[in-house]
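Asker: Attaching a single structure in structure tokens format; questions to follow.
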Amino acid sequence: MTQRLMLACTLALALVACKKETKVEADKDPMTAPAADPKMAPPATPPAADPATPPPATPPAAGGATSDNSDPVKVVEQIFAAASSGKADALAGLCDPAGTGDGDVKDVCGSKPGSPKWDEFVKYFSKGKVAGAPKVEGDSAAVAILFGPNGTKKETMNLKKIDGKWYLAGF
Numbered sequence: 035m036t037q038r039l040m041l042a043c044t045l046a047l048a049l050v051a052c053k054k055e056t057k058v059e060a061d062k063d064p065m066t067a068p069a070a071d072p073k074m075a076p077p078a079t080p081p082a083a084d085p086a087t088p089p090p091a092t093p094p095a096a097g098g099a100t101s102d103n104s105d106p107v108k109v110v111e112q113i114f115a116a117a118s119s120g121k122a123d124a125l126a127g128l129c130d131p132a133g134t135g136d137g138d139v140k141d142v143c144g145s146k147p148g149s150p151k152w153d154e155f156v157k158y159f160s161k162g163k164v165a166g167a168p169k170v171e172g173d174s175a176a177v178a179i180l181f182g183p184n185g186t187k188k189e190t191m192n193l194k195k196i197d198g199k200w201y202l203a204g205f
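Taking our numbering, the leading residue of the sequence shown gets 35, the next gets one more, and so forth.
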């Protein structure tokens, strides 16, 4: 009887060892490996943002348009585009949402058809254009422009970079 018991134990141990070896081989073969428990899977991490990618556009203003605050020149050009097209939806997004900026830029950002200053805004900015490369120093930029009724008056638009986006600061 002890021989039978020994034989049974040996067979049992051999069977257990055989199952372990088969499981290791199955884990190596993706076609036969058991499905992973989703509760045990490590949490997915989103890919890191590409530092060369410009920040997203400012959320839609009241009219539904978005402003492009990725570059000082683009911010200024949107002023001229709004004045010449009559579509002022993006203007509100050109000023810092925290309310910084001088009174002139606040007037620009608050301009919309039907407002008391709209006609003056159109008169002074519809023929405007950027007059040279921007001068960027850290989080500040200066963009030379031509504006006025004839588009010949020289001025400099000053901008500030806040949280990766450019906003009008003064002129």
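Heads up, the beta-carbon is just placed ideally off N, CA and C, and yes, glycines get one too. All values derive from a computational prediction rather than experimental measurement.
Have a look at residue 159 and residue 185 and give me their C-alpha separation to the nearest angstrom.
Answerer: 8 Å
Asker: If you follow the alpha helix (DSSP H) that residue 119 is in, where does it begin and where does it stop?
Answerer: 106–119
Asker: Indicate the three-state DSSP secondary structure (helix, strand or coil) for residue 165 in the structure shown.
Answerer: coil
Asker: Measure the Cβ-Cβ separation of residue 137 and residue 129 and say whether it is below 8 Å.
Answerer: no
Asker: Assign residue 102 to buried or exposed, taking buried as 16 or more other Cβ atoms, counted over all protein chains shown, within 10 Å of its Cβ.
Answerer: Label assigned to residue 102: buried.
Asker: Could you tell me whether the segment 166–180 touches the segment 104–121, using the rule of 3 or more Cβ pairs below 8 Å?
Answerer: In short, these stretches touch, since the Cβ pair count reaches three.
Asker: Does residue 118 pass the burial test, meaning 16 or more other C-beta atoms within 10 Å, or should it be called exposed?
Answerer: exposed
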